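There are 2 protein chains.
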Amino acid sequence: MVVSNRGPLTFRRTAEGWRAGRGSGGLVTALAELGRLAPVTWVSAALDADDQAAGRFLSEGRAAAKAARGPHAELREIHSLVEHQLPGQDIRLRLTDVPPEAYAAHYGIVSNPFLWFMQHEMYRLPYEPIVDDVLVAAWRDGYRVVNELLGRAAVEGLRSRRPVVLLQDYHLYLAAATVRALRPEALLLHFNHIPWPSDSTWQLLPQGLRRAILEGLLANDIVGLQTDRYAQNFLASVASFVRDAQVDFAGRRIRWRNRNIFVRAYPISLDPDALVRFARGEAVAGRRAALKARLERAGGPRLIVRVDRLEPSKNVLRGFLAFEALLARRPELRQAVRFLAIQSTSREALPEYQEYATAVREVVARVNRLDDPESAPIWLLDGSDYDLAIAALQLADVVLVNPLVDGMNLVAKEAVLVGAPVLVLSETAGAAEQLARDALMVSAADVAGTSRALESGLLMPHDERHARLRRLRASVRDEDIAWWLARQLRDLVAVAEGARPPSRHLRDTVRRHEPGLEDSSEATPS
Amino acid sequence: MVVSNRGPLTFRRTAEGWRAGRGSGGLVTALAELGRLAPVTWVSAALDADDQAAGRFLSEGRAAAKAARGPHAELREIHSLVEHQLPGQDIRLRLTDVPPEAYAAHYGIVSNPFLWFMQHEMYRLPYEPIVDDVLVAAWRDGYRVVNELLGRAAVEGLRSRRPVVLLQDYHLYLAAATVRALRPEALLLHFNHIPWPSDSTWQLLPQGLRRAILEGLLANDIVGLQTDRYAQNFLASVASFVRDAQVDFAGRRIRWRNRNIFVRAYPISLDPDALVRFARGEAVAGRRAALKARLERAGGPRLIVRVDRLEPSKNVLRGFLAFEALLARRPELRQAVRFLAIQSTSREALPEYQEYATAVREVVARVNRLDDPESAPIWLLDGSDYDLAIAALQLADVVLVNPLVDGMNLVAKEAVLVGAPVLVLSETAGAAEQLARDALMVSAADVAGTSRALESGLLMPHDERHARLRRLRASVRDEDIAWWLARQLRDLVAVAEGARPPSRHLRDTVRRHEPGLEDSSEATPS
């Protein structure tokens, strides 16, 4: 059983019949193959009236759909859409009705702006967040309500004696408590896809709120996070804010109200074979040819690539500032290198995002001066074009992934599988714990160091680059999406047997490479 | 021996002879009485040419000054200024020459904007800090240089076999290493007056920089911080970023390169008797009478008071928003209560501060509407008037101290000594660990909860209020400035004897009062 806010498919009734759209987020990608491995029920919220109608058809089951005739054509249609979108899977979708006002408060006030911003440390703390009566009401009448409804829907679908329930992400911090209350013997694992900040961030929130979140999560048997660091932060916040919990930091275990809760890191990943297949496809080939032609017109420059949404946590601004510093130090690179940023816009309605996009555009304009599009050092291209993004990663000499904070950054893993770049990665990227040894590591605020790392990446000798790449690829292939899921299920089996989940620590390799500050970057007279 | 960036006195040569100004910061107040207890040498930087000249006179010593005649009149003058400003003290000031460019980089680029902002978590992380070549050069040619010069100056003044050196604050993270290298047997304690953030903040900085800071501090025998929480954060940052250190969290001890370094909390305090004496003086009485008269003209309202610099970390904005919410909920309080904010401006040249001040003024204008000055609910008065601040604390029914982050907040301690208010205190105030039990605790972002706490403070029955006050006063009187200093010296004596410093933990009372979120604040239809 999987419980998430959004399911793998959303449904739309059109004049030509039913249509289904597949979610594009990492969560759906990660879990959508689960139904190949085991029978799965996936509980999620019905997002609108069409989803609700589809949900009612889906609740009738496949057998009914197969038997359906005539007036029940829609029932057949919905079920065949699911089979078409999620082929070969033993999957049962349960789209759960939630009151629209509750969902709006849950998603539009609590989860998406408030929790997401807080956990990505994107608030300007002197001004935000404001925990006011509106937020408190949205918590009570929205977040709590939706969590209880999805928790109850999950319980209705539970068949086996010790059902396994995988709860997903920050929309559902309280759902496990509902499941636990009704089915105490269930095996519950909550996996959080976004960062878990340090307790000094949580400390700004009301005690009642942070305790509700933490105690909600402690209804699980295992709390899974993307990295060791987030796991450590989670343990620290329980130690700080849940009075009656005992925290064993070394064992990553919490004792609370006569139960054990284990905290583990399960870094999310991708399906390497599927990705490589996709990268070899015609659509990507077309993009690659076009991009190559453009590079040839520009005189065949080396290529730095980044692929991300244009949002403040991704640290695009300092990436361009680092490139600007590189061109100031090595003016000959102005012709010999292009920085290709494949960017999709994000939350454009939010003033913070608009302001950030403006600041980024100003730096781009300053670097590009009045050069014509081919000779301008920075190329901005449309990030909604996934084919193009993969093609760019294939052609990259250096890929820059330097977020201030980010759950995982799958693009770092994609880059080494489809291309052969040097990876410049910030420590605060979720992927850093796995890839630090063979990437060039920078810290996110270090523009001088990032600038040197881009230069080192461009200059890296072929042999060293390929030795690093081999190890990076091996690591990404080993620790793929199946490994991500298998470790969670293995750990739940251990819990079921009364043992400790074996996945205690990832390797922490972030600290290995430590150049002195003044070794790596020198002052230039400006 | 005390080493700090600024000394207790600054000197100015005027047409009428030499003048000395006494620093107003908490550091000077805290340490200026040290010379009554023991012979002290105080090393600091000479801030300008006058300071340098005075420094040369001071270096000649008191005996020479006493013998000075005729052309050496200035020598006498300087020494008698010191005796006048720091009466009854066995103190020797060593004002150390530092190159002006180095000092400018040290103070104006590294310490004051960069480290101060970073440690108060006041940066807008998507935009700042930018660790560029300018900052790296200022670190190397400014911060490092000034630290070495002050460290060397300290060593020159060391007489005893195992001299005790107390290093102060974030300007001097590297000075202990210089002292240690030259006098390995010295007993070194660094006390940091500002917060120590969690390692996720430090992680944004270059490895070389954060390691230099941490390893510089590990040259001490004891690292002292304001609170248990900062001590814990310090231990965690050493564990994360200093590869070859072993951290014993429970024992608050670090093992590094064959030495032990202890981490302790020494919450800074004030001199209760001196404060009470001052509060009974005529100057304060005059302000109190004027303020009382104004309150009477306003119909004798109840009084909420806050006293702080107008800066983003103080959270003035949310304080006023909480008051606005209170007036919206209880309109009758509009006439019956005044919120008196005694505010001094701060760093007005910085755009961040200007923007914050504007945001605060907008809320004040909205709350006050077009009311005349007496009937307006919020009164803003000049915070550079310390007499007035004390008078206001004496008359306060409720005192609000709700910073987002702050080293200590001595105003919370002053308030309960000179007045009889209910104290509303945020958890993130440094004073929270000592005063949480008897203050009304809020979290800094919780406008709804702060609003309720202000209301509870105004409504608190006399007996409860005085029971809380008695305990608060006893705690502040017990843990005064002499206690602050005595614990440090006692701990250093223990180190000298090869024992563990006894001051291991403060009580952590912040977690005691935990109302549910929805208990403490309800949604109001708006």
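Taken in order, these protein sequences are the chains called A and B. The first sequence begins at 19 in my numbering and counts up by one. The second sequence begins at 19 in my numbering and counts up by one. By construction, the Cβ of each residue, glycine as well, lies at the ideal position given by its N, Cα and C atoms. Because the structure is a prediction, the values reported are computed rather than measured.
Are residue i and residue j closer than 8 Å when you measure CB to CB?
i	j	result
B:S258	B:D217	yes
A:L398	A:Q372	no
A:P421	A:S331	yes
B:L49	B:D239	no
B:V442	B:L418	yes
B:S22	B:Q186	yes
A:Y191	A:L235	yes
B:F132	B:P147	yes
B:H208	B:V260	no
A:A128	A:A171	According to the sequence provided, residue 128 of chain A is Val. The question's Ala does not apply to it. Against a cut-off of 8 Å, the Cβ pair of A:A171 and A:V128 comes out as no contact.
Taking C-beta pairs closer than 7 Å, name the residues in chain A that residue i reaches, listed in chain order.
i	result
B:R545	Since the first and last residues shown for chain B are 19 and 544, residue 545 of chain B lies out of range.
B:Y8	Only positions 19 to 544 of chain B appear in this structure, which leaves residue 8 of chain B out of reach.
B:A367	The premise fails here: B:A367 is roughly 17 Å from chain A at the closest Cβ pair, so nothing lies under 7 Å.
Using a C-beta cutoff of 8 Å, does residue i count as contacting chain A?
i	result
B:V21	no
B:R30	no
B:D151	yes
B:A63	no
B:P117	no
B:R522	no
Which residues in chain B sit within 7 Å of residue i, going by Cβ to Cβ distance?
i	result
A:Q221	E445, T446 and S461
A:P181	The contacting residues do not exist; A:P181 stays about 30 Å from chain B at best.
A:E139	L143
A:S216	S216 and S218
Starting from residue i, find everything on chain A with Cβ-Cβ shorter than 9 Å and list it in chain order.
i	result
B:L422	L143, P144 and L222
B:A377	P144 and Y145
Which chain B residues sit within Cβ distance under 8 Å of residue i?
i	result
A:V148	A quick correction: the sequence has Ile, not Val, at residue 148 of chain A. Chain B residues near A:I148: R336, L339, A463 and V465.
A:A343	D150 and D151
Note down, in chain order, each residue of its chain lying with its Cβ closer than 8 Å to the Cβ of residue i, except the 5 sequence neighbours on either side.
i	result
B:P285	Q244, T245, M426, G448, A449, E451, Q452, E497, W502 and L524
A:Y121	A63, L65, G160 and V164
A:P181	M19, R201, A204 and L205
So, is the C-beta of residue i closer than 8 Å to a C-beta in chain B?
i	result
A:E233	no
A:Q225	yes
A:A263	no
A:R270	no
Starting from residue i, trace the beta strand (DSSP E) in both directions and tell me its first and last residue.
i	result
B:Q186	V182 to Q186
B:N278	R277 to A283
A:T32	L27 to T32
A:F209	L205 to F209
For residue i, I'd like the list of residues in its chain whose CB is within less than 7 Å of its CB, leaving aside the five on either flank, ordered along the chain.
i	result
A:R320	A354, V355, D415 and L476
A:A82	L93
A:G318	none
A:A237	A194, A195, R198 and L206
Note down, in chain order, each residue of its chain lying with its Cβ closer than 6 Å to the Cβ of residue i, except the 5 sequence neighbours on either side.
i	result
A:A367	none
B:E314	none
A:A359	R324 and L398
B:E342	V385
B:D326	K332
B:S469	A340, A343 and L344
Since residue i meets chain B, which of its residues come closer than 9 Å, beta carbon to beta carbon?
i	result
A:P330	R142, L143, P144 and Y145
For chain E, is any of its Cβ atoms less than 8 Å away from the one on residue i?
i	result
B:G160	Considering every chain present, this structure includes no chain E. Its protein chains are A and B.
May I ask which residues mark the beginning and end of the alpha helix (DSSP H) holding residue i?
i	result
B:A56	Premise fails: B:A56 is in no alpha helix (DSSP H) and is neither H nor E.
B:L339	V334 to R347
A:L503	I499 to A514
B:S493	H480 to D496
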